[in-house]
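Colleague:
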Amino acid sequence: MSEAEPSIPPSMQPTIDVLIADDDPVVRFGLGMMLRGAADLRVVAEAGDGAEAIELARRHEPHVVLMDIRMPGTDGIAATEALRARTPAPEVIVFTTFDADAHVLRALRAGAAGFLVKDTPPDELVVAIRHAAQGRPVLSPEVTRRLIDRVAGAGQDTRRDAARRKLDSLADRERTVAVEIGAGRSNAEIAALHHIGLATVKTHVSAILTKLDLTNRVQVAVLVHDAGLGPQGR
Numbered sequence: 004m005s006e007a008e009p010s011i012p013p014s015m016q017p018t019i020d021v022l023i024a025d026d027d028p029v030v031r032f033g034l035g036m037m038l039r040g041a042a043d044l045r046v047v048a049e050a051g052d053g054a055e056a057i058e059l060a061r062r063h064e065p066h067v068v069l070m071d072i073r074m075p076g077t078d079g080i081a082a083t084e085a086l087r088a089r090t091p092a093p094e095v096i097v098f099t100t101f102d103a104d105a106h107v108l109r110a111l112r113a114g115a116a117g118f119l120v121k122d123t124p125p126d127e128l129v130v131a132i133r134h135a136a137q138g139r140p141v142l143s144p145e146v147t148r149r150l151i152d153r154v155a156g157a158g159q160d161t162r163r164d165a166a167r168r169k170l171d172s173l174a175d176r177e178r179t180v181a182v183e184i185g186a187g188r189s190n191a192e193i194a195a196l197h198h199i200g201l202a203t204v205k206t207h208v209s210a211i212l213t214k215l216d217l218t219n220r221v222q223v224a225v226l227v228h229d230a231g232l233g234p235q236g237r
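Residues in the sequence shown are numbered consecutively from 4, following this note's numbering.
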């Protein structure tokens, strides 16, 4: 979903401030140890629940929050919604012990950049944080589709109808671009496929996010697939 970018050594990249939110102190300690080994990452705070994560994010303004979904009190979904409503809003990567979970999909709808399972290797975790800090999704469109397929059930028709009504508010070209985002195509790929300029695609993406009141491409992809307009639905 993202454009190719020149490779920059981590030591030359801007420092990415990270907040870890997990109710298990052992998990927080392990994540902190892994992240402190990356030259461009800095753990600025650790929270034991969602409410503390919200408060610490207000105080430290991290670029990326690693958010456990299941926590006592204010859970990771509610905390994600609150953090993504802030200005500036940190990017949120949610953690789960399952790779297909209704809670994960709710977090993506709330604006999370993506999710990781808790046994993700350290090098993949570091790369995911860097991608999130750059505004790049931390999951593939295939994973999004699998999530939606696995948790589909009650309310699916209602979600599809609501998603289609939202997409109908877009201009024709914007809707086309939204569907391509749902297919996992980058701005450059969309521009080449539809013979339009890259700047024009970026303008369409900005308009899509504004009109649909969304904050990132992952939410656009989820909405497109809710509407049944992904590669299998068009």
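Where is the CB? At the ideal position from N, CA and C, for every residue including glycine. Keep in mind it's a predicted model, so treat the numbers as computed, not measured.
#1: By the DSSP assignment, the alpha helix (DSSP H) with Met-70 in it spans what residues?
#2: From Glu-6 to Gly-53, what distance separates their C-alpha atoms?
#3: Tell me Asp-164's beta-bridge partners as DSSP assigns them.
#4: On the CB-based measure, 16 or more other CB atoms within 10 Å of its CB, does Ala-56 come out buried or exposed?
#5: So Ile-211 and Val-182 are supposed to be a Cβ contact under 8 Å. How far apart are they, rounded?
#6: Assess, as a yes-or-no matter, whether the region 156-175 is touched by the region 113-131 under the definition of 3 or more beta carbon pairs within less than 8 Å.
#7: Report all residues from its chain with a CB closer than 7 Å to the CB of Arg-163; omit the five preceding and five following residues, and keep chain order.
#8: For Ala-194, name the three-state secondary structure that DSSP assigns.
#9: Do the region 84-98 and the region 64-73 meet, that is, are 3 or more Cβ pairs less than 8 Å apart?
#10: Quick check on the DSSP output: the beta strand (DSSP E) that includes Gly-33 runs from which residue to which?
#11: I'd like the span of the beta strand (DSSP E) that includes Ile-96, first residue to last.
Modeller: Result, derived from the coordinates:
#1: No alpha helix (DSSP H) holds Met-70; the beta strand (DSSP E) holding it covers 67-71.
#2: Summary for Glu-6: the model assigns pLDDT 44, below 50, so the residue's position carries little reliability, and this model does not support an answer.
#3: Asp-164 is not bridged to any residue.
#4: buried
#5: Between Val-182 and Ile-211 the Cβ distance is about 10 Å, and since that is not below 8 Å, they are no contact.
#6: no
#7: Asp-229, Ala-230, Gly-231
#8: helix
#9: yes
#10: Counting along the chain, Gly-33 falls outside any beta strand (DSSP E), though it belongs to the alpha helix (DSSP H) covering 28-38.
#11: 94-99
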